[in-house]
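Undergrad:
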Amino acid sequence: MVQAYILIQTEVGKATIVAETIAKIPGVIQAEDVTGPYDVIVRAQSDTVDDLGRMVVAKVQQVDGITRTLTCPVVHL
75 MVQAYILIQT
85 EVGKATIVAE
95 TIAKIPGVIQ
105 AEDVTGPYDV
115 IVRAQSDTVD
125 DLGRMVVAKV
135 QQVDGITRTL
145 TCPVVHL
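When you read off a place in the sequence shown, starting at 1, and then add 74, the result is the number in this note's numbering.
#1: Tell me which residue opens and which closes the alpha helix (DSSP H) that residue 126 is part of.
#2: Report the option in 75, 79, 127 and 88 whose CA atom is closest to the CA atom of residue 137.
#3: Are three or more beta carbon pairs between the stretch 124-131 and the stretch 89-98 nearer than 8 Å?
#4: Output the distance between the C-alpha atoms of residue 110 and residue 146, rounded to the nearest integer angstrom.
#5: Residue 120 and residue 166 - do their beta-carbons sit closer together than 8 Å?
#6: Quick one: what's got a C-beta closer than 7 Å to residue 78's C-beta in the same chain, skipping five residues either side?
#7: So what does residue 84 bridge to, in DSSP terms?
#8: Go ahead and label residue 116 buried or exposed: buried means 16 or more other beta carbons lie within 10 angstroms of its beta carbon, across all protein chains shown.
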């Protein structure tokens with residue numbers, strides 16, 4: 075299982091609706107609107123890194139109001 079944090083910047087005033095929409099995507103564990111340089115932080119999981127990439131590109135980045143994403147895979151050292 076691969077987990078990652080996805081840091082998202084949105085258009086002004088869209089953080090809440092973006093977080094609510096992303097929370098419904100299969101594989102998303104949690105989606106929260108926050109303050110700071112990013113507007114939404116998502117924790118997601120998938121079976122493989124490739125599946126994670128497909129989720130981000132095909133589902134998360136397609137949500138209306140998103141301007142930029144940064145995916146940070148969780149590592150266990």
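Built from N, CA and C at the ideal position, the CB exists for glycine as well. Note that the structure is predicted; figures quoted are calculated from it, not measured.
TA: On the basis of the supplied data:
#1: The residue given as residue 126 occupies position 52 in the sequence shown. Its alpha helix (DSSP H) spans residues 123-129.
#2: Taking the sequence shown and counting its residues from 1, the one referred to as residue 137 is at position 63. Closest by alpha carbon: 88.
#3: The stretch 124-131 is not in contact with the stretch 89-98.
#4: Counted from its first residue, the sequence shown places residue 110 at position 36. Counted from its first residue, the sequence shown places residue 146 at position 72. Each residue's Cα considered, the two are about 17 Å apart.
#5: Nothing about residue 166 can be read from this structure; the chain reaches only from 75 to 151.
#6: Taking the first residue of the sequence shown as 1, we reach residue 78 at position 4. Residues 118, 126, 145, 146, 147 and 148 of the same chain have their beta carbon placed closer than 7 Å to that of residue 78, with the five preceding and five following residues left out of the count.
#7: Your numbering for residue 84 matches position 10 in the sequence shown. Its beta-bridge partners are 140.
#8: One-based indexing of the sequence shown puts residue 116 at position 42. By the 10 Å Cβ count, residue 116 comes out buried.
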